[in-house]
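Report on the structure given below.
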Amino acid sequence: LAFQGDTGHSGQGSASTGSEAKFVRSEPALMAQECAASEPAGTVERKSFVVKRVPKRGKNAWSLFLAANAHRKGDEFGNCTKTMWAMLGKEWRGLSAEEKCAFEEKARFHQQQQPLEAAPADAGIALC
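Structural data, given as structure tokens:
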């Protein structure tokens, strides 16, 4: 809710101008009220129970690097996620080709394994 006519000063507001202050509802609040009013009481929204068989993408080298360094968040960066992302990004760009190669090999493995793990059990694919 927003208070129309409020200038931000305590006690002054729109009372000095002579116009009456009104409450103005924001768009999401209005839409929620309209939706609630249009549905009869006791209706339940049905959820779709369709199982999606499309495999998710495997992790890439950057996400594996982040996962390997996630434990450092509380120690070095405190609760500032923005600082953590910036510092880890600089570290990632500063890694040598050999250091990145380890993460890239793991990423290739994840991307090859992901479709096998997501395959339905009745497809005849056995994981060893």
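Residue 939 in this note's numbering sits at position 51 of the sequence shown, with consecutive numbering throughout. Think of the CB as a built atom: it goes at the ideal place given N, C-alpha and C, for glycine as much as any other residue.
Between the alpha carbons of Ser951 and Phe991 lies a distance of about 9 Å.
In this structure, the beta-carbon distance from Ala995 to Ala949 falls below 7 Å. By the criterion of a C-beta distance shorter than 6 Å, His998 is surrounded in its chain by Gly946, Lys947, once the five residues flanking it on both sides are discounted.
Short of 7 Å from the beta carbon of Lys961, and not among the five residues preceding or following it, lie these beta carbons of its own chain, in chain order: Met972. Linking Cys968 to Lys978 through their CA atoms gives a straight-line distance of about 16 Å. Annotation for Lys978: the continuous alpha helix (DSSP H) segment containing it runs 969-982. Linking Glu964 to Glu993 through their CA atoms gives a straight-line distance of about 28 Å.
For Ala958, there is no enclosing alpha helix (DSSP H), as DSSP marks it with neither H nor E. About 6 Å separates the CB atoms of Asn957 and Leu976; that is less than 8 Å, so the two are in contact. In the structure shown, Arg996 falls within a helical segment according to DSSP collapsed to helix, strand and coil.
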